[in-house]
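Order-wise, the sequence lines are chains Y, U, B and V. Adding 7 to a residue's 1-based position in the first sequence gives its number in my numbering. Adding 1 to a residue's 1-based position in the second sequence gives its number in my numbering. Adding 1275 to a residue's 1-based position in the third sequence gives its number in my numbering. Adding 2 to a residue's 1-based position in the fourth sequence gives its number in my numbering. Using N, Cα and C, we set each Cβ at its ideal position, and we do this for glycine too. Step one of this worksheet: look at the structure below.
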Amino acid sequence: MTKFAKLSFKKDELNKELSGFFKGMLENGAVNAVLAPMAQPKKGVRLSLVTSAAHTAQVDPFAPVAAVSGAKIASSLTARPSGRKVAMVLRPCEIRAVVELVKLKQVNLDDVLLIGMDCLGRYENTDFAKFQEQGGTSESFLENAQAGKTAMADFDIIGACKICEFPTADNVDMRLCAIGAGNGTVFIEAVTKKGEEALDKSGIKSGESPAGRDEAVKKLVAVRTDARDKKFTEYRAETNTFEALADKLSACINCYNCRVACPVCYCKECVFVTDTFRHNGDQFMMWADKGGMLKMPNDTIFYHLTRITHMSLFCVGCGQCTSACPNDIDLMPLFRTSADKTQARFNYQAGRSVDEEQPMAGFKSDELVEVTGQVK
Amino acid sequence: MELCLFLGCNTPAIRPDVERAIRATMPVLGIDLVDSDNYVCCPAFGAFPSTDIDSWLATSGWNLSIAEEKGCDFVVQCGSCYSSLRMGREHMMHHADKMARVNELLEPTGRTVTGKSKVRHVSEVLYKEIGPETIAGQVKKSLKGLHGIVQYPCHTLFPSEVVGFEESARAPKGMRQLVEALGATVDSYSRELQCCGGAGGFMKSTPEQAIEFAKTKFDAILDETKADFIAVSCITCLMHMENVQNTLNKRVGEERYKIPVFDYNQLLALCLGFDPKQVASICNVSRDSVLSRI
Amino acid sequence: MDLQQGSIKDLWKAIYNTGDLHHCFNCSTCLSGCPASHGDPPLLVRNLARKVILGLEEELLNDDTPWACVSCSKCEEMCPMDVKPFEMILAIRQWQSANDETRVPPSIVEIYKRGYTQAVGVNTDLRDKLGLPELKTITNNPEQLQFFREMLMKTPVVSANDYMFGG
Amino acid sequence: MAEKKPTGTVLVAGAGISGIKAAIELAEGGYKVLLTDASTQIGGILAKLDYQFPTDHCGMCRMLPMVGREYGSQYCMRKSLFHENIEILPFTEITSVQGDGGNYKVELLKKARLVDPAVCNEMGECIDVCPVEVPDEFNHGLTKRKAIYQAIPHNTPKMLLIDREACTKCGECVKVCTTNAINLDAQDEVETREVHSIVLASGVKLYNTREFEDAKSYAVSPDVVTSLAFERMMSSSGTYEGGVIKRPSDGKPAKNIAWIQCMGSRNRRQKRDYCSSICCMFALKEAVLAKEKGGPEVDTTIFYMDMRTFGKGFQQYRDKAVDEHGVKLIRCRVQGVMLKPDGSLEMRYFDPETNEFFVKDYDLVVMSTGQIPFETHKKWADLLNAPLDERGLLATEQYSKIKIAGKPGLFICGSLMGLTDVSEAMSSGIAAAGEATNFLTTLGVDILKEEEIAEPTAHERENSLVSVALCKCGEKVGADGIDYELLSAELLRYRGVGEVNVIDSICKAEGETTTNDILGKTKCNRLLVGACQPFMYRRKLKNVARKAGFNSSMVEIFDLFGIARRGMVEPSVGDWTLRAAREVKSDIERLKYKPALHVSTLPINQTALVVGGGIGGMQAALSLATRGVPVHLVEKEAHLGGYLGNQVEHTIDGLAPVAMASDMKLKVFENKNITVHLNCEVEKTVGTLGSFESKLHFKDTNENTYLHHGAVIMVTGGHEGATTEYGYGTSDKVLTQAELKKGMASGNIDAGGLENVVMIQCVGSRQKEGRHYCSRICCMWAIANALKIKEVNPEARVFILYRDVMTYGFFEQYYTKARTAGIIFMNYSLENKPQVEMVEGNPVVKFMDTVLNTEIELPADMLVLSTGVDPEESNQRLADAFGVTLTEDRFLAEADSKWRPIEFQKVGLYLAGTAHSPMPLKSVIMQAEAAAQKAYTYLSGREVHTAGVISKVKDALCIRCQRCINICPYGARSYDEVEKCIVVDPAECQACGACAVECQNNAAEVTGWSDKQLMAAIDAKLMDDLLMSTAE
């Protein structure tokens, strides 16, 4: 049974209440640092690493923005561990990416207190700036979004969030619960023993649990799942030929931003910047000869297909690829539709569990016999 | 060739027409038969072989001494007689003590036994000694057009090293070739090698099951063959396979099982032109359907 | 069943004293094709071998199934261990006859009396009708019959049960 | 100048798997091998098998050498075998043998094939026109073949031949043959060869359905087949091409299949009172496969007497077959099969589990047919003047399964020892090679020296310029094949090609000269050769190129003839010259970007470490030491000998382990090459093949020593299992078999006073909780003890309560002997274990007798428990120390249970004896000998090379996710905790490429198979249509 602590807040004081919690943890030595979305001095909210209790005042975990995936930050902080305890406040999609990165030995959770926040979606960076300009706050977002009103005048939460069926985080030590918490209330939930100890140390009293939460989450997931399935059907119809797919990707300039933004694209140095793809002039000429012309840069589709083969098994659907594209290519549905199939084939779900072995990560002679043709 | 005819009990007493057939055909095929004067029961397996070795072998010895005195081998039709005599002889031949004991018992009767006379089944004599070709050459009235099935006497097959004369006891050919020599078509069926079930105490102790066991065989014959007749070469098979059919008919309430059963010697006699009234007149299942077509 | 109480160690020697018996390893080949195994109770040759080996005297004395054997000897042919099951069945019958007078087959009395199980040489009508020669049967030869009876009287079961044979 | 010594030569007679294994081992050791087989082909029985349990795959290639594979044979073993040191002579009989070990003169009758494989282009038109059809013996007559035919459908080269008996000499084949490969009048040739040693590996004749009397009761229809024929029915190259199993009679799918065990075996009446050992597992495997192929609706039933699952993993396989696959096992031997008019096969059986008769119809009946050994043994004995034992089998030395008694230099292996499974065939093949090597080292013969050609520098960074040499393969390529002129012209225009030369027959001397001339003048720095069967000529051609200054990794050989032949078969399908051009260009691209491959010589410390000082360990140590290899022999106890050598005076097969062990101890201590370390265990070992360092820890003194060695043999043995079942420990009347044995030997137990003794087998064994395996020796032990009791006291009654009597092979004679002696065997089932109660201090055993179907109460003076064999508990520590794994049952896990039984996945580590699984003493000794031989191959002083093509790590790209470590099936990759990087062991890596597939950004790559090369090759294939059309 998990433990809940209820945080009631007055108007415009959500973050103040929350900062008390983080401050408590830092001061009482539950952790040595906090990685959480923080309000930046002028505008914007960014993940920041806080080691001084005084700076916790800026926390804003529910801000509907994620400029970079927190999973990548988690990797930077822990792949070569500091030895200090960090509380990380991350979105569910980031946490699911973290789970994959743990299996790939890119994240080490030994010294991490993982805190997952309820996520109702995020805006693109530029839109979030507008949102703030238009007076939007995390509180207003939580309230409106729970009523289904995420759209602002000329923008809305990103497509990935609209079809995300994981608004709450699993595999965490603690959760920040907003969905179904009621107005003026959020809950802190301690899920693991580690989480419980941290909650106790933070000085926040545990007690009442959120009554309407399960129902509200269920409802939201149902809406999102419907939207997802609809999107899949649409997108598959739009990309059912190679030409249609090529068209979707035609704007690509090989800037590799999507690759950089992708939390599970974990290579140190991408194969696409190695010698393998550094061709001689005569090679290009030969390719040009074949069709009479050659679009340059030439391997844009190949690049994306390679990324799909590499990443679709790990894809958590965060939508950072779409956000990253300077040419507005909507890559998210391409990854999600293919991930849907590849993960189902192995009865795998990226981010579901740390203990689940990644598909094809071990040698099993009796796997995929329909492909290998062996009797088993 | 001279052979001493061992008739046993059932044939001379109940089915003498079979004896008639043997006595008629053998001389035609060049076998001279001499009678076994003062012979006794073979003995039947259910008799002395089931009480003690002494009485069994003494009785066998009694009988064998007759053939030995005549200086020829026995020819036997009854499967049980054949097997009992052969097994008895085998025991004596392989156990000197037993042979000695038998002679000790025989001594006061003025008989001795050495084992010099062999015991041969009539089908063996016909198959190995005379041969289907010779028989075919002698046929006056052919069974052409008739379908038959054959019943191998278990006692002429197993255990093969004691009683056997076929090349393979597990895939015997003799009866089939003998019947084919008479012009008939011999049909095969699944339960061809299934025992008729007539010997021993099976029929007496559990008649229901014994009849049911035989029924499987007859159903297979009816289903799988066009048999106009059944050729047997053992008096027990002959009587049992007739009786079972009548019992089965009573059970099913119709004349479903009515395939005539002949001892092979009877068929042979008929084909050699002998009078059916003499060589094939005694039966429990009417033989008219066959006799009318020869 | 208590093997201390209910079994006689050397009973097999009394019944079927051959080395063959002990080779039985209960493979059930003898059962598979046995006609009398269709009976009720079934003749289970394998079980008889086991009973003899264990020396289950009571059970064996009361067992009727050896008498249901049709003597086809198929078991003998197929037994991989050469136990000679048919001979064993005869041996069990012999032992039963020797130890239980009610087991003595009536047919031996018949044979003792007239030489045959059937009335050979008595009802000769059928034979006459077929024109068969008269058989020189022992039934009709008192001297030989007497020899025969005297010989049998020296054998164990007949002599032990001489009352059955009318003296 | 030393006198030139002759090269050690061994005749291996019989090219089944054990013969092949022996041949490979000897050839790898540098000896010359003549490998003959009386049949038309090699491969023996296994050539017919697609599947072996427990993997249910083939896996035959796993018997090939794992290190230096580029210098040995590397090919699909089901197709053929190629090794420079092995001369393969199929269709050859040995007609006479003169002389003795060290000096044999063997007369070989090489039967005429009538088709010359060197000339034949394998087009097979001759087969099409041949009018004669006969049953194909390879498929057991289930299919037909022609009089001119290919004996094994999957063989390469095809090795066509003519069946002289079937051939009518009509000459049609001669007319269509374009290469004059057929000579209908060719005669058998007789040849005399001198060899130093002979290994007999001919296997034994197998029982079939036609030649045997008792089979006639069963083989009543074509739908009754032998188990080997059934293999052909399942095989993808067999009668149904791997599809659904059908009835041969009418092609209907076989839904109900029954196996009848012990056909032709365990039959005293037929004078075959032995078990054929392998049929139980064969039947289980076939039943499982039949289910897998036909789906769950296929019903499979095995009629058995004892299910002899005595080997390693056998019991688990049986349990899986029954529990997971639903294979039915019925303990009943049926009397025969009845053919019904609809073709179905009726069997009546008695099911002891329900105590009822059943009559069931089957579509297919498989007779599990066994071995017929005696005539084969007689034949060899006559030919070699070798002794036969009282059973009529070739007599071996008392403790050996391999060495023929009194005939040094003469050995047997494989199924000639009694039908063996793959694992034992392998062990015995290696052991025979080991014994032969032992023998050869005493003769002063030489090994084959490799031709030393220095490896020229690879100019891999220069711009690639390729020289293409195309071999015309003599006259093999007909007019419809390839137009070499057009092809040359086309290739010459291709970028990166410096020259194109057409050579007549590159494999012949003239071809070689031509090639030398060309290469002597060339400006090119890479060479591409198109020839036939590259796997056969690779080494030779590379040597030619090397002499001309080409680094061998800059040379590639591809199968040009294969393309040409396709062109001849299907002349209408496209222009084969164009296709060939595309293929060659693709190969050019791959070669152009190929990096230099570095083959290194492994530093080898020629010392062996043998862990375990029991009889097996001493045997391995002595075997190596007498060949001059220094050995460290480590024993954890204070004395050598192990369990058998200290505890067991006699075994049932007449061996005296204690006496043998004391002899061996003397030899061990006398041998200067052996250093004995007592009272210590190996705590940690680091290193790789050739250079290991092991830390020895001495318990008593708490001191450590470090040993350096090149290979390790683990022979850790086992001991009698412990139990608390059946009242053990509560009374001195309940004891184990070992206790009884000792008690009787010492006189503490007087069998004379015993009336009733009960023995219970499989105590705590062959069950999922406990020892989930058969300990293999307990039945023999129980029988030996029971016989001893009967010997002392014939009046005692001894009951052995068993589940399955595991007297496999010729041990069956002891089971028979025991029954003859009056020992009573009674069956119990695991579900109905005996119950033991102590009544007045005496054990009373109650159990359900499955024969009489009654509860039986056995009061016993003594209850003896067969508690099985437990592995040494030190196995776990050993496994940790060496980085090897244990099985679930805590025995050491070998690399492959069938094909590599005495090796670990990690190269340089070997195991033998009870460390592997419980086994009788002679098998322990055989395995120890085999393990010594495996180690000797690397420790003999010959150079050991790593392979050039191995996987490597591009460290700059590596993210250390370690997925490559998990996926490597050979354990070749590991994470270096100190350097924080992935390392590849070049001796372990087999270049399978799994790591390269797994790695997202090519940090793992198989050298010579880079993305760059492959993409260029693909591009070349995709490009060519255009270029060719402009070339017209």
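> Quick one: what does DSSP say V/Leu1028 is sitting in, helix, strand or coil?
Replying inline: Below a pLDDT of 50, predicted positions are generally treated as unreliable, and V/Leu1028, at 47, falls in that range; the measurement from the model is reported next regardless. Helix at V/Leu1028.
> Which bits of chain U does B/Ser1382 rub up against, with CB to CB less than 7 angstroms?
Replying inline: Ala45, Gly47, Ala48
> Can you find a C-beta in chain V that's less than 8 angstroms from the C-beta of U/Asp98?
Replying inline: no
> What residue does the beta strand (DSSP E) around V/Tyr496 start on, and which one ends it?
Replying inline: No beta strand (DSSP E) holds V/Tyr496; DSSP gives it neither H nor E.
> Who are the Cβ neighbours of Y/Ala188 in its own chain at under 7 angstroms, not counting the five residues just before and after it?
Replying inline: Phe194, Pro217, Arg220
> Looking at C-beta atoms only, is the number of pairs between the region 195–203 of chain V and the region 408–426 of chain V that lie closer than 8 angstroms three or more?
Replying inline: yes
>> Which residues in chain V have a C-beta closer than 8 angstroms to the C-beta of U/Arg171? List them in chain order.
In response: Glu215, Asp216, Lys218, Ser219, Gly338
> Along the chain, where does the beta strand (DSSP E) that runs through V/Lys362 open and close?
Replying inline: 358–364
>> I want to see whether chain V comes within less than 8 angstroms of Y/Val278, judged by CB atoms only; does it?
In response: yes
> At a CB-CB cut-off below 7 angstroms, which residues of chain Y make contact with V/Gln1002?
Replying inline: Cys274, His317
>> Pop quiz: U/Gly1 and U/Ala185 are said to be a contact at Cβ under 8 angstroms. What is the actual Cβ separation, rounded to whole angstroms?
In response: This structure gives no information on residue 1 of chain U, because the portion of chain U shown stretches from 2 to 295.
>> Tell me the rounded alpha-carbon separation between U/Arg102 and U/Gly47.
In response: 22 angstroms
> By the 10 Å Cβ neighbour count, where 16 or more other Cβ atoms means buried, how is V/Ser278 classified, buried or exposed?
Replying inline: buried
>> With a threshold of 8 angstroms between beta-carbons, can B/Ile1328 be considered close to chain V, or not?
In response: yes
>> For a test of the three-state rule: what should DSSP assign to Y/Met32, helix, strand or coil?
In response: helix
> Can you tell me whether DSSP reads U/Val291 as helix, strand or coil?
Replying inline: helix
>> Quick check on the DSSP output: the beta strand (DSSP E) that includes V/Gln1049 runs from which residue to which?
In response: The requested residue 1049 of chain V is not part of the displayed model; chain V covers only 3 to 1034.
> Taking one C-beta from the region 344–359 of chain Y and one from the region 328–336 of chain Y each time, how about it: are there three or more such pairs within less than 8 angstroms?
Replying inline: no
> Which same chain residues, not among the five before or five after U/Leu194, have their C-beta less than 7 angstroms away from its C-beta?
Replying inline: Tyr153
> Which whole-angstrom value describes the C-beta separation of V/Val339 and V/Val222, a residue pair presumed to lie in contact below a C-beta threshold of 8 angstroms?
Replying inline: 5 angstroms
> Ends of the alpha helix (DSSP H) at Y/Asp347?
Replying inline: 339–352
> By a C-beta neighbour count over all protein chains shown, 10 Å radius and 16 as the cutoff for buried, is V/Asp891 buried or exposed?
Replying inline: buried
>> What does the Cβ neighbour count give for U/Leu93, buried or exposed, with the cut at 16 atoms within 10 Å?
In response: Going by the sequence as given, residue 93 of chain U is Met instead of Leu. So U/Met93 ends up on the buried side.
>> Rounded to the nearest angstrom, what separates Y/Asp306 and Y/Lys79 at their Cα positions?
In response: 26 angstroms
> Alpha carbon to alpha carbon, how far is Y/Met159 from Y/Phe353?
Replying inline: 40 angstroms
> Is it true that the region 649–657 of chain V meets the region 684–701 of chain V, where meeting means three or more beta-carbon pairs spaced less than 8 angstroms apart?
Replying inline: no
> Listed in chain order, which residues of the region 322–339 of chain Y have Cβ atoms closer than 8 angstroms to some Cβ of chain V?
Replying inline: none
> How would you write the range of the alpha helix (DSSP H) that V/Pro988 sits in, first residue to last?
Replying inline: No alpha helix (DSSP H) holds V/Pro988; DSSP gives it neither H nor E.
> In terms of residue numbering, what span does the alpha helix (DSSP H) encompassing Y/Arg231 cover?
Replying inline: 220–245
>> Going by C-alpha to C-alpha distance, which of V/Leu230, V/Arg195, V/Leu386, V/Ile785 sits closest to V/Glu814?
In response: V/Ile785
> Do three or more CB pairs link the region 799–808 of chain V to the region 307–314 of chain V at distances below 8 angstroms?
Replying inline: yes
> Taking contact to mean at least 3 C-beta pairs separated by less than 8 angstroms, is the region 897–906 of chain V in contact with the region 366–384 of chain V?
Replying inline: no
> Does V/Pro224 have its Cβ less than 8 angstroms from a Cβ in chain U?
Replying inline: no
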